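Heads up, the thing below is written out as structure tokens.
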Amino acid sequence: MSVSPPRLRPVWGGLSLRSAQGVQERCLAFHSATVGPNHTDTSISKEFARNESAMNPDLRKERDNATFKTDLLTYILDGGAEKTQRRREIESLVISDPDFQHVDLNFLSRSERYAAAVKRSAQMIVKMREHGISDPEEIYCSANLLWRELFPVCYCWSSEKIREHLAKCVSFFQNGLLCSNAFAVHNIAFTVQIWNGREHEALGLHYAMFLPTLQKLGDPAQQEKWIPPAKTFKVLGTYAQTELGHGTHIRALETTATYDPSTQEFVLNSPTVSSIKWWPGGLGKTSNHAIVLAQLYTQGHCHGLHAFIVPIRNMSTHEPLPGVVVGDIGPKFGFDEVDNGYLKLDNVRIPRENMLMKYAKVEPDGTYVKPPSDKLTYGTMVFIRSMIVGESARALAKACTIAIRYSAVRRQSELRPGEPEPQILDYQTQQYKLFPLLATAYAFHFVGQYMSQTYHRITGDIDQGDFSQLPELHALSAGLKAFTTWAASAGIEVCRMACGGHGYSRCSSLPDIYVTFTPTCTYEGENTVMMLQTARYLVKSYTQASAGEQVGGTVSYLSEMSQRRLQPQQVSSRPTVVNISDLSSLVEAYKLRAANLVEAYKLRAAKLVEMAARSLQGELQRRKSKEEAWNGAAIDLVRASDAHCHYVVVKLFTAKLGEVGDTAVHSVLGSLALLYALHGITVHSGDFLQAGLLSVPQVAQASQQVKELLAQIRVNAVALADAFDYRDEMLNSVLGRYDGNVYENMFEWAKKSPLNSEQVHESYHKYLKPLHSKL
Ligand SMILES: Cc1cc2nc3c(=O)[nH]c(=O)nc-3n(C[C@H](O)[C@H](O)[C@H](O)COP(=O)(O)OP(=O)(O)OC[C@H]3O[C@@H](n4cnc5c(N)ncnc54)[C@H](O)[C@@H]3O)c2cc1C
Numbered sequence: 032m033s034v035s036p037p038r039l040r041p042v043w044g045g046l047s048l049r050s051a052q053g054v055q056e057r058c059l060a061f062h063s064a065t066v067g068p069n070h071t072d073t074s075i076s077k078e079f080a081r082n083e084s085a086m087n088p089d090l091r092k093e094r095d096n097a098t099f100k101t102d103l104l105t106y107i108l109d110g111g112a113e114k115t116q117r118r119r120e121i122e123s124l125v126i127s128d129p130d131f132q133h134v135d136l137n138f139l140s141r142s143e144r145y146a147a148a149v150k151r152s153a154q155m156i157v158k159m160r161e162h163g164i165s166d167p168e169e170i171y172c173s174a175n176l177l178w179r180e181l182f183p184v185c186y187c188w189s190s191e192k193i194r195e196h197l198a199k200c201v202s203f204f205q206n207g208l209l210c211s212n213a214f215a216v217h218n219i220a221f222t223v224q225i226w227n228g229r230e231h232e233a234l235g236l237h238y239a240m241f242l243p244t245l246q247k248l249g250d251p252a253q254q255e256k257w258i259p260p261a262k263t264f265k266v267l268g269t270y271a272q273t274e275l276g277h278g279t280h281i282r283a284l285e286t287t288a289t290y291d292p293s294t295q296e297f298v299l300n301s302p303t304v305s306s307i308k309w310w311p312g313g314l315g316k317t318s319n320h321a322i323v324l325a326q327l328y329t330q331g332h333c334h335g336l337h338a339f340i341v342p343i344r345n346m347s348t349h350e351p352l353p354g355v356v357v358g359d360i361g362p363k364f365g366f367d368e369v370d371n372g373y374l375k376l377d378n379v380r381i382p383r384e385n386m387l388m389k390y391a392k393v394e395p396d397g398t399y400v401k402p403p404s405d406k407l408t409y410g411t412m413v414f415i416r417s418m419i420v421g422e423s424a425r426a427l428a429k430a431c432t433i434a435i436r437y438s439a440v441r442r443q444s445e446l447r448p449g450e451p452e453p454q455i456l457d458y459q460t461q462q463y464k465l466f467p468l469l470a471t472a473y474a475f476h477f478v479g480q481y482m483s484q485t486y487h488r489i490t491g492d493i494d495q496g497d498f499s500q501l502p503e504l505h506a507l508s509a510g511l512k513a514f515t516t517w518a519a520s521a522g523i524e525v526c527r528m529a530c531g532g533h534g535y536s537r538c539s540s541l542p543d544i545y546v547t548f549t550p551t552c553t554y555e556g557e558n559t560v561m562m563l564q565t566a567r568y569l570v571k572s573y574t575q576a577s578a579g580e581q582v583g584g585t586v587s588y589l590s591e592m593s594q595r596r597l598q599p600q601q602v603s604s605r606p607t608v609v610n611i612s613d614l615s616s617l618v619e620a621y622k623l624r625a626a627n628l629v630e631a632y633k634l635r636a637a638k639l640v641e642m643a644a645r646s647l648q649g650e651l652q653r654r655k656s657k658e659e660a661w662n663g664a665a666i667d668l669v670r671a672s673d674a675h676c677h678y679v680v681v682k683l684f685t686a687k688l689g690e691v692g693d694t695a696v697h698s699v700l701g702s703l704a705l706l707y708a709l710h711g712i713t714v715h716s717g718d719f720l721q722a723g724l725l726s727v728p729q730v731a732q733a734s735q736q737v738k739e740l741l742a743q744i745r746v747n748a749v750a751l752a753d754a755f756d757y758r759d760e761m762l763n764s765v766l767g768r769y770d771g772n773v774y775e776n777m778f779e780w781a782k783k784s785p786l787n788s789e790q791v792h793e794s795y796h797k798y799l800k801p802l803h804s805k806l
């Protein structure tokens, strides 16, 4: 069957939603006729199937009406059916372990939450020992294995492949590629979720940062001395870099380590209030040692930041040592279980051997020996930021799952007089809030996969001594880290508000997801600073391209632009003929539309990079210094980076469609990709208009097409959320329950509130009752 969709003439080349919708409807009919209503056949759904009769009827209907098989989409997200199977097995293993049964932390005090997290960490160590896992790298990797969300690729690996990866990790640790403060922060967040569902890991910094840094920066004698007690958790360590006064600008850190040759000791000091170490995880209460980053002074010269092992607590009493002021920094926006701490050092003396001296050294007489190179530290950021991109997708996917399932269950107000209250998911505004976010979660998932693969590819090159692609990768990972975390963080909050009052309850899990995720915008490189780093690369590439040099990778469009090969697409005059029962026909039709959208985003990026470069040039011409000019153009520079990242995301999402072999899945994923791109155009219409890429009527048409896509995606919304495959134990959300039985479970949850443990609270007798007698 072939259909000729009606003509529409957007500038991006015949992207006709009406035609897309026609295809979708026919697809639906075709799919229903051939495969019947959607049923998943996974072990998890079988588990849920036991409760089929108890499933909320609205949710059941949504699932029955879906036009594609959710499992097929889950396989695509995981990278294959085998990987899905393996992930599910591992999740089941952890979830069914009696020692790791979920504890609802919502009704605990912060101190109790911290204690619960420490207990969980200790249990985890016991488990690791039971399984014979003792190397820090093995701890790190096996933890990752137990949670698909850090290294999705691991799930189908053979033990040999895992060993290979471990060896790579070791080499990275040793070469300094995995040594960064934020790596630890990042890993806390990941490790916790493996074992604890959503609580944070009290010892995360110890095995993710302290041990690897010993291995990376310690010389053989230091490794021999410190690693065995650290491995057995006698020495509990953290990594203290950030200070009250400085986080981003690490060269300005103020803590000093002054060498005293007469005693062969370093004297550690926090000379100012702003030099107090602030934020390191596990510092407040857990650790007895810290690797402290301090400015090294010897023979009257400052040699910059170096790492020192500083004992901070007595090994038997756990009391702070003399000269050490240490404690918890207090309640934060989230991370309640983590004792992020402060550390003030007052003339604390440590032996010369406590400076980590694999590369840089201080001789007994105080002579400083420079490290051979600091080149490799480049790679750390790439690794962490690449991983955070995937984390953005997962956090947003969880929030979308909760909000969409709840929106299918929740009925409110009136759509048609006299009819039953509609599901709130039927309101166009609700769809407008949630479906672009759903599309974003999918887009970021594929971008996360790409970043992970790119990271592995580049690390392979590094192993071979080829650093040529690091600048591109560095710029891309910095920009995408910022782009995706900003979007996901804002999106999670939209999901929360889309659930009305119940979204504000912690039983929804949405407040928790938000506070846990949003620090990714700050740590591992503050987002604005990251965008500016990407902009530096873009401007450099633009300058090279303008001078006739060929620039490659994701910025190759800058060369195209300079050679005037980038032109707005001509309006497509020919309708697309689509055979909806033929995948290749569908793919071709999609490609035609998507290619033009990708082109529009590419042109926008090119234009904004050009504008930013000109803005910078203009500032320089006003006889400003380079630094002042940079600051004067910073808004344009960040905007250019944002446009570049947006183009990359649209491009990668579109490219992913080419890999989808199932017609029904291709159709629904294609709709999401179109929605992502078109919604972006409507939100950033100013850019497209300013750059002369679109006319006002065309922007209006894009808005209309977004509305039509919302209606089209509506039928599959719940199934698209289900395909993320988050078990109830991982979502921890009453609103997002798979069975949709929200109200009764909210009631049960609320009953657990400690305020309900007695009918009349003592404050009534103390304060309210006396008011009566005073009347
Ligand atoms: C939950 C959490 C856990 C953490 N865990 C740890 C940990 O374990 N160990 C640790 O050492 N640290 C930790 N940190 C600290 C974290 O690494 C820093 O907060 C982060 O590096 C940002 O630095 P900052 O706080 O100094 O922000 P700032 O740099 O002061 O940023 C504040 C504002 O200034 C702007 N700004 C700064 N520089 C520039 C510039 N060059 N151009 C334009 N704008 C600029 C930023 O965009 C931002 O808007 C943690 C932080 C959080 C929130």
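Mapping of the sequence shown onto my numbering: residues 32 to 806, in sequence order.
Cβ atoms here follow ideal geometry from the backbone N, Cα and C, with glycine treated the same way.
In this text, all values refer to a predicted model and were calculated from it rather than measured experimentally.
How is the alpha helix (DSSP H) around C526 delimited, first residue to last?
501-529
When L267, E524, T279, D109 are compared against Y554, the one with the closest alpha-carbon
T279
Anyone know if the C-beta pair for P302 and E274 falls short of 8 Å?
no
Quick one: is I666 buried, meaning 16 or more other Cβ sit within 10 Å of its Cβ, or exposed?
exposed
Short check: CB of G556 to CB of R416, under 8 Å?
yes
Closer than 7 Å to a non-hydrogen atom of ligand 1 - does that hold for the CB of E779?
no
If you scan the segment 736-773 from start to end, which runs of the alpha helix (DSSP H) of 4 or more residues do you find wholly inside it?
748-753, 759-762
Would you give the residue range spanned by the alpha helix (DSSP H) that E658 belongs to?
657-663
May I ask you to check if the CB of V323 is nearer than 7 Å to at least one heavy atom of ligand 1?
no
What is the rounded straight-line gap between the Cα of Y588 and the Cα of E161?
54 Å
For G701, would you say it is in contact with chain D, using Cβ-to-Cβ distances shorter than 8 Å as the test?
Within the model displayed, chain D is absent; a lone protein chain is all it includes.
Looking at the structure shown, is K375 part of a helix, part of a strand, or coil, going by DSSP?
strand
Closest to C333 by CA distance: which of R117, S293, S306, A288 is it?
A288
Which of helix, strand or coil does DSSP assign to A97?
coil
Please state whether DSSP places E143 in a helix, a strand or coil.
helix
Counting along the chain, where does the alpha helix (DSSP H) carrying D718 start and finish?
716-721
Looking at C-alpha atoms only, which residue of L236, I419, P451 is the closest neighbour of Y486?
I419
Separation of V582 from T685, as counted between CA atoms
23 Å
What does the alpha-carbon distance come out to for the pair F339 and G331?
19 Å
So, for A644: in the same chain, excluding its five sequence neighbours on each side, which residues have a beta-carbon less than 6 Å away from its beta-carbon?
V570, Y573
Answer yes or no: do L299 and V379 have a C-beta to C-beta separation smaller than 8 Å?
yes
Note down the Cα distance separating A97 from V746, rounded to an integer number of angstroms.
6 Å
In this structure, what does DSSP give as the bridge partners for K392?
V400
With a CB to CB cut of under 7 Å and the five nearest residues on each side skipped, what residues in its chain are close to Y463?
L741
With distances taken Cα to Cα, identify the nearest neighbour of L504 among Y678, T585, R436, A664.
T585
Drop a sphere of 10 angstroms on the beta-carbon of S804, count the other beta-carbons inside from all chains shown, and report buried for 16 or more, exposed for fewer.
exposed
Please work out which residues of its chain come closer than 6 Å, Cβ to Cβ, to Q809, disregarding the five sequence neighbours upstream and downstream, and give them in chain order.
Any answer about residue 809 is impossible in this case: the structure gives the chain only from 32 up to 806.
Residues near K782 in its chain [Cβ-Cβ closer than 7 Å; skip 5 each side]
none
Is there contact here, the segment 107-124 with the segment 704-715, by at least three beta-carbon pairs under 8 Å?
no
Residue of I523, T105, W257 minimising C-alpha distance to P243:
W257
To the nearest whole angstrom, what separates the beta carbons of L651 and A660, a pair I think is in contact under 8 Å?
4 Å
For A733, which residues from the same chain have a beta carbon less than 8 Å from its beta carbon, with the 5 sequence-adjacent residues on both sides left out?
P41, L709, I712, T713, S716, L725
Quick test of your reading: A506 and L465, contact by CB under 8 Å. State the CB separation rounded to the nearest angstrom.
Actually they do not touch by this definition, with Cβ atoms about 32 Å apart.
As assigned by DSSP and simplified to three states, the class of R567
helix
In this structure, how does DSSP classify F297 when only helix, strand and coil are distinguished?
strand
From L139 to N772, what does the alpha carbon distance come to, in whole angstroms?
25 Å
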